[in-house]
Every structure is written in C-alpha cells, then in structure tokens.
Amino acid sequence: MRYLTDRKRAEGMGSAKSGTAHHWSMTVSSVALLVLIPLFIFTFGSALGSSYEEVLAYYARPFPAIVAVLTFLVGFHHFSGGVRVMLEDYVHGLNGQIAIVVMTCISYAAAAAGVFAIARLAL
Amino acid sequence: MADVNRGDRPLSPHISIYRPQLTSMTSILTRITGNAMLISALLIVWWFLAAATSPEAYATANGFLTSWFGDLVMFLSVLGLWYHTLAGVRHLIWDQAIAMDIETAYKLGWGCLGGSVLLTLITVAAV
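The listed protein sequences correspond, in order, to chains A and B. Position 113 of the first sequence, counted from 1, bears residue number 97 in my numbering, the numbering being contiguous throughout. Start counting at 1 in the second sequence, then tack on 2, and there's your number in my numbering.
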C-alpha cells in the first residue's frame, strides 16, 4: 500500500464521485409529484370519511384510481431516494447500510400494498 | 496506509457550530417534512388496504383517520406536504442557478413558510 501516492489513494473518494443519476431521478419525480400531489389531495380528501359504498364507487372510476396509483408509485420512489440521502448524511457505517436497506424495502412494500388495494377497489 | 476505517470515518462538526439562519432552517425543514410524511403515507395505504378488504376493516381505518387525532395528523401532513412542495419548487429554481443571492433566498424562504400556511387553509376549506 505504501507504493501508492497520497493523490492515488484520494482519487475517486470525494463526495462528488457519483450522484447525478440520483439527483436527476429526484428532479423528475419531484416535477411529476408537483402535478400528482394536488390531484391526490383533492381526490383522496373528498373520499376520506365517506361511507364504504361511496369509497368503492369512487375508486372504481378511472381518474381517482389512476391518480392514486401514480401517487403511490412516484411518491414512494421519491421518498426512498430522499430518505436514503438523509440516512447517508446522519447514520454511518453498517447501521447506515442496514437503515437504507430497511427504508428502501418499506418504501416499495408500501407502494405495492397501495397499488394492490387500488386495483382491488377499481376492478 | 491501507484504509482500515472504510465507511466509518469521523466527521468534522458542522451543524453544531453554525448560528441558525432562515436559509438553513428552511432547508432542514424540507428534510424533516419529507421524511415525516412517511407516517401519513403509511396511514393512507392502510386506509386503502382496509377499503379493499372489508366494511369492518374500512370502518376501523376510516374511524381512526377521521378521529380528532387522525384529523390532527392529516392537518399537519397537509401543512408539511405543501411546505415540502414549495421548498421543492425552490430547489428546482435553484437548480437553474437563478435566485441564489441571499436576499432572494430569504424572500423565497418566507414565501415557502407563508405559502404553505395559506395553501393549507385553502385545502382545509376546500376538502
């Protein structure tokens, strides 16, 4: 190892080594959510508190169902990207890696559960 | 020397040595609101799963989300959601390398805080 110069050891270790794809993924999903979130707030908000039959009828309609599915998919994808950066910043070493794996699994499990529920309501 | 401490290096102090400023506070608030919304997101998934399961399950989930505690969680979530949305727009603007001087950054910060309260009131009135 002492044959390596300091510069060689430092190369590629900087914080700017990677991350463009992650940043772009967050940008794209944030713009999508800019449209989806207001639509979801007002469709879900009008369904919340309704009777069971009303909810079944409401989410059998294509527009609220598609808005909800897209909000779950894009929203939890955006969340998993955001929570990953937070954990990278504040939780280090093995704990950080475990936390990132757990939160990523929770994100996609929640998205899948949401999409399954909408499919069941809509079809 | 071989790097024996890979991935577990000490950090220099940063957050603890700065005086709070509007710019840093509105930045950390973006992160707090974004991550805190996991709670309401999971509650909403639960509500949908319950509606897809049975009338009894739906009554439980809907009852919880429309109780005073559920209302409080949803109200705070809407506030956090609008704040996170406006702060996200601010980041999209900054990504274009515009509005980055301190005076404009402060104005945008107050805009995010005030705008989220305003949008929350509109949402509560409309829904």
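All residues carry an ideal CB built from backbone N, CA and C; glycine is no exception.
Looking at the C-beta of residue i, does it have a partner C-beta in chain A at a distance below 7 Å?
i	result
residue 22 (chain B)	no
residue 57 (chain B)	yes
residue 72 (chain B)	no
residue 54 (chain B)	yes
residue 44 (chain B)	yes
What do you get for residue i, buried or exposed, if any count of 16 or more other CB atoms within 10 angstroms of its CB means buried?
i	result
residue 112 (chain B)	exposed
residue 25 (chain A)	buried
residue 76 (chain B)	buried
residue 113 (chain A)	Since the first residue of chain A shown is -15 and the last is 107, residue 113 (chain A) is not available in this structure.
residue 92 (chain B)	buried
residue 49 (chain B)	buried
residue 56 (chain A)	buried
residue 85 (chain A)	exposed
residue 120 (chain B)	exposed
residue 43 (chain B)	buried
residue 102 (chain B)	exposed
residue 18 (chain B)	exposed
residue 100 (chain B)	exposed
I'd like to know if residue i contacts chain B, where contact means its C-beta is closer than 7 Å to some C-beta of that chain.
i	result
residue 105 (chain A)	yes
residue -13 (chain A)	no
residue 39 (chain A)	yes
residue 86 (chain A)	no
residue 14 (chain A)	yes
residue 101 (chain A)	yes
residue 36 (chain A)	yes
residue -2 (chain A)	no
residue 3 (chain A)	no
residue 97 (chain A)	yes
In its own chain, which residues sit with a C-beta less than 6 Å from the C-beta of residue i, not counting the 5 before and 5 after it?
i	result
residue 117 (chain B)	88
residue 91 (chain A)	60, 63, 64
residue 87 (chain A)	67
residue 39 (chain A)	31
Note down, in chain order, each residue of its chain lying with its Cβ closer than 7 Å to the Cβ of residue i, except the 5 sequence neighbours on either side.
i	result
residue 72 (chain A)	80
residue 32 (chain B)	86, 89
Report the residue from the options whose alpha carbon sits nearest the alpha carbon of residue i.
i	options	result
residue 115 (chain B)	B:82, B:97, B:102	B:82
residue 36 (chain B)	A:-9, A:34, A:12, A:59	A:59
residue 49 (chain A)	A:28, A:2, A:-6	A:28
residue 54 (chain A)	A:94, A:99, A:38	A:99
residue 19 (chain A)	A:86, A:-13, A:52	A:52
residue 67 (chain B)	A:37, A:43, A:33	A:33
residue 98 (chain B)	A:105, A:39, A:11, A:75	A:11
residue 47 (chain A)	A:66, A:23, A:38	A:23
residue 106 (chain B)	B:21, B:19, B:25, B:70	B:25
residue 107 (chain A)	B:20, B:54, B:19	B:54
residue 27 (chain B)	B:74, B:108, B:125	B:108
Residues in its own chain within less than 8 Å of residue i by CB, not counting five upstream and five downstream?
i	result
residue 14 (chain A)	62
residue 78 (chain A)	none
residue 39 (chain B)	79, 82, 83, 86
With a cut-off of 7 Å, does the C-beta of residue i fall near any C-beta of chain C?
i	result
residue 50 (chain B)	This model lacks chain C altogether; the protein chains it does include are A and B.
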